[in-house]
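All residue numbers for the sequence shown refer to our numbering, where the first residue is 1155 and numbers rise by one.
Glycine included, C-beta positions come from ideal geometry on N, C-alpha and C.
Shown next, in structure tokens, is the structure this report addresses.
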Amino acid sequence: RLCPCGFANDFRRECFCTPPQIQRYMSKISGPLMDRIDIQVDVPAVPYNLNPA
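So, in structure tokens, the structure goes:
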């Protein structure tokens, strides 16, 4: 998730988070945690009607 609402970069729903909200949210992921993550991949959400479960 890139923002508090979770809809940043989502083509189906609009994100209404302000830049300060997004910055504050991203700053919660501390440097020591991010140092342990080597690869980051953005994966779009799967529409509910395509979920086989």
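Residue from the options whose Cα sits closest to the Cα of residue i
i, options, result
"residue 1173", "1157, 1187, 1163", "1157"
"residue 1202", "1166, 1155, 1183, 1176", "1166"
"residue 1177", "1199, 1191, 1204, 1162", "1162"
"residue 1179", "1189, 1160, 1206, 1204", "1160"
Complete alpha helix (DSSP H) runs within the region 1160 to 1197 (minimum length 4 residues, chain order): Taking only runs of at least 4 residues, the alpha helix (DSSP H) segments lying wholly in the region 1160 to 1197 are 1173 to 1181, 1185 to 1188.
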